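For the sequence shown, this note's numbering gives the first residue as 240, with consecutive numbering after it. Glycine included, each C-beta is placed from N, C-alpha and C at the ideal position. Here the structure is a predicted model, which means the values were calculated and not measured. In what follows, a structure is listed as structure tokens, so that the remarks can point back to it.
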Amino acid sequence: MALSSVFEAVASVAQIPREGVLPIVKSDGQRVCLIRSQDRISAVADNCTHQDFEMSLGDVLPDGSIQCAWHGARFDCATGEVKQGPAMSPLPVFEVRVEGDAILVGPVATRLGAGHQPCVASVSGSDP
Ligand code: FES
240 MALSSVFEAV ASVAQIPREG VLPIVKSDGQ RVCLIRSQDR ISAVADNCTH
290 QDFEMSLGDV LPDGSIQCAW HGARFDCATG EVKQGPAMSP LPVFEVRVEG
340 DAILVGPVAT RLGAGHQPCV ASVSGSDP
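Here's what the structure looks like:
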């Protein structure tokens, strides 16, 4: 399968507020929470690993994490690693690219230890 076929354009950078989120649904039905933090874009599952609440209703914090709005679990935006309970499992993160103003989301990143392989893209279109 060609690499380009596993990434799909899901939104434009301008649709995501700075230090904010945008919920989207991939063509395969997966719900994804796009995050813009410090001019970097990341994409995480839109289901908290604690009790399945929508991460897109949470808050992006200055330290590069996202906090679930229900019980306050906090996850690293780039790796999904749990930074604060009550969640015990990392948030799945998706590979992500920015091409021009388009945000492209790919497959779930490889699990590495307590989180996933870091996945972020800068709004300028080059990976950090
Ligand atoms: S559902 Fe997210 S912390 Fe409980």
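Whole-angstrom distance between residue j and residue i, CA atom to CA atom
i    : j    : result
T288 : L261 : 18 Å
D340 : A253 : 7 Å
Other residues of its chain near residue i: CB distance less than 7 Å, five sequence neighbours each side excluded
i    : result
G259 : R275, V299
P238 : Summary: the structure shown does not reach residue 238, with the chain confined to residues 240 through 367, and so no result is reported for it.
D315 : G303, S304, K322, G354
Nonlocal neighbours in the same chain, by C-beta distance under 6 Å from residue i, ignoring five residues either side
i    : result
A282 : V271, L273, F333, V335, V344
T318 : G354, H355, P357
G297 : I305, Q306, C307, A308
A284 : L330, P331
Inter-residue CB distance, residue i and residue j (contact presumed, cutoff 8 Å)
i    : j    : result
V347 : D278 : Contact flag wrong, Cβ pair sits at about 24 Å.
8 Å Cβ cutoff met for residue i and residue j
i    : j    : result
G268 : E320 : no
V249 : K265 : yes
I255 : V359 : no
Residue environment, residue i, which counts as buried when at least 16 other CB atoms sit within 10 Å
i    : result
M327 : exposed
L330 : buried
Beta-carbon contacts of residue i that lie in its chain and below 8 Å, excluding the five residues immediately before and after
i    : result
L351 : T318
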